[in-house]
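According to numbering that gives the first Met the number 0, the sequence shown holds residues 0 to 393 in order.
Where is the CB? At the ideal position from N, CA and C, for every residue including glycine.
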Amino acid sequence: MTIADTARQDLEHAAGNREVYEPSSPVAHFGEDEPLLLDAGRALSPFQIAYNTYGTLNDDKSNAVLVCHALTGDHYAASQSPVTGKPGWWSSIIGPGKPIDTDRFFVICSNVIGGCMGSTGPASIDPATGEPYGLDLPVITIRDMVRAQAMLVERLGIDTLFAVIGGSMGGMQVLQWTVSYPDKVFAALPIATGARHSSQNIAFHEVGRQAVMADPDWHGGRYFAVGKRPRKGLAVARMAAHVTYLSEMALHRKFGRNLQDRETLGFGFDADFQIESYLRHQGMTFVDRFDANSYLYMTRAMDYFDIAGDFGGRLANAFLGAKTRFCLVSFSSDWLFPTEENRAVVHALNAAAASVSFVEIETDRGHDAFLLDEPHFFAAIDGFVSSAARARGL
């Protein structure tokens, strides 16, 4: 084994998975003459985007659907993850005969810039130094992610998208698409999201970032150089975040105060309760597939998101003249992006005279409901997509 091979193995260990350096999916490469201009005032060049596609692009290229993933998601929306071996995170929605019907639509899903599954992110090699970027990568925004996606869509030879769809951070990207490229999106489905991050959400993210940065194995973001990973800090960050994805009702129904593999309290600090064991498991499995620095970058991108901030604080101004058809979906028990935040976007769209529909799904499963088996949610997506497709002539 060469020194270079050994160094690459060390980097893969530090990053948590080899997809950072050797993506299993297609990759679009953009050279030095195709820079990504960032909100931070810098240009990222060269860079790459890892992506997957499902279905077939029709002759007039009018049936493309862009799916945007959430904070810790990836571009394996409807195919098996090469890291976990699990089915695609939205296989329930994307596929033949499903709400996003791949017999009818050409579906694109890319790993966002700043991620750790093949698109350029903090674990990627900085061509200027030959070392991972770490915190030398400029801070990435939701708008930067969308700019990169637009470059990918153009690379694929597609002028306009039939639809853009996504939940949570993916929903932020959907909204940004309709503001940045209003003439390129026929239909938009922002799900369980908002026009900006609340102070409460920023607070939870800051707790997670501080947990990562307090881990002695973080090494100021340069853990790659010493073959380490801040596993404990990242696991704690994931545990804290995961609580926000659920609801009190769902936690009580699933766990209550049930003890974990014991009949009586242990009078110590092992996992006495099932919920403790569950959260620890979530934390431990997460660190095996996600890069800690990417977690910092992704959470920061969500915190910075504020569409109205670019329009004098008036959200409706962002959508003036919008021709896109919108359908917003919220979940009744979602306290991370509660229904009122989704409705605020609907009210702004109404004020801008945009075409918009809205549905609140009654469920006790919290924010993560958009990733779960929710028949009423599936029906809402199917109904809107089918109606928009008829209007589009598909």
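Residue i classed as buried or exposed, judged by whether at least 16 other C-beta atoms fall within 10 angstroms
i, result
"N257", "exposed"
"T177", "buried"
"Q199", "exposed"
"Q47", "buried"
"P126", "exposed"
"R389", "exposed"
"P229", "buried"
"E373", "buried"
"H74", "buried"
"V19", "buried"
"H32", "According to the sequence displayed, residue 32 carries Asp and not His. Answer is exposed; the Cβ neighbour count stays below 16."
"P189", "buried"
"F104", "buried"
"T71", "buried"
"P22", "buried"
"A13", "For A13, the predicted structure reports a pLDDT of 46, less than 50, and the residue's modelled location is therefore unreliable. A value from the coordinates is still provided. A13 should be labelled buried."
"D214", "buried"
"L36", "exposed"
"R142", "buried"
"A387", "buried"
"H366", "buried"
"V364", "Rather than Val, the amino acid found at residue 364 in this sequence is Arg. R364 comes out buried."
"S118", "buried"
"A122", "buried"
"G114", "buried"
"Q172", "buried"
"G311", "exposed"
According to DSSP, residues forming a beta bridge with residue i
i, result
"R195", "D305"
"P189", "G165"
"C108", "N51 and V66"
"R324", "A186 and S354"
"P131", "I124"
"L258", "F272"
"I99", "I93"
"I360", "F330"
"H28", "Q47"
"A42", "L36"
"L56", "In the DSSP output, where bridge partners are listed per residue, L56 has none listed."
"L160", "V184"
CA-to-CA distance, residue j to residue i, given in whole angstroms
i, j, result
"I107", "N51", "6 Å"
"D135", "G207", "20 Å"
"P337", "E130", "41 Å"
"I112", "G392", "33 Å"
"A49", "H68", "13 Å"
"G156", "V358", "34 Å"
"A187", "F268", "47 Å"
"A3", "G165", "Caution is warranted here: a pLDDT of 37 is assigned to A3, below 50, making its placement in the model unreliable, and no coordinate value can be reported."
"R221", "G133", "6 Å"
"A239", "F203", "7 Å"
"R299", "H196", "10 Å"
"P181", "F254", "45 Å"
"A63", "L56", "7 Å"
"Q148", "T140", "13 Å"
"S109", "E262", "47 Å"
"T101", "P95", "5 Å"
"L151", "G265", "54 Å"
"V225", "T128", "16 Å"
"K60", "T284", "40 Å"
"G120", "R146", "15 Å"
"K85", "S24", "16 Å"
"G87", "N349", "35 Å"
"G40", "S354", "34 Å"
"M301", "D216", "25 Å"
"R288", "K231", "14 Å"
"A77", "D271", "37 Å"
"R279", "V286", "11 Å"
"H241", "D58", "43 Å"
"P81", "L65", "21 Å"
"I201", "H28", "33 Å"
"R17", "P45", "20 Å"
Integer Cβ distance of residue i from residue j, believed to fall under 8 Å
i, j, result
"R324", "Q281", "Actually they do not touch by this definition, with Cβ atoms about 37 Å apart."
"P98", "I380", "4 Å"
"V345", "L327", "6 Å"
"N341", "T243", "Contact flag wrong, Cβ pair sits at about 16 Å."
"A343", "L314", "7 Å"
"I92", "F377", "7 Å"
"Y294", "V211", "6 Å"
"L160", "V184", "5 Å"
"F383", "A347", "Actually they do not touch by this definition, with Cβ atoms about 19 Å apart."
"A321", "A351", "6 Å"
The ligand HEM heavy atom lying under 7 Å from the CB of residue i
i, result
"P137", "In terms of ligand content, the structure shown is empty, and the ligand HEM therefore cannot be addressed."
Closer than 8 Å to chain C by CB, residue i
i, result
"T119", "No chain C is present in this structure, which holds just one protein chain."
Segment contact, 8 Å Cβ cut-off, at least three pairs: the segment 262 to 279 with the segment 327 to 336
The segment 262 to 279 is not in contact with the segment 327 to 336.
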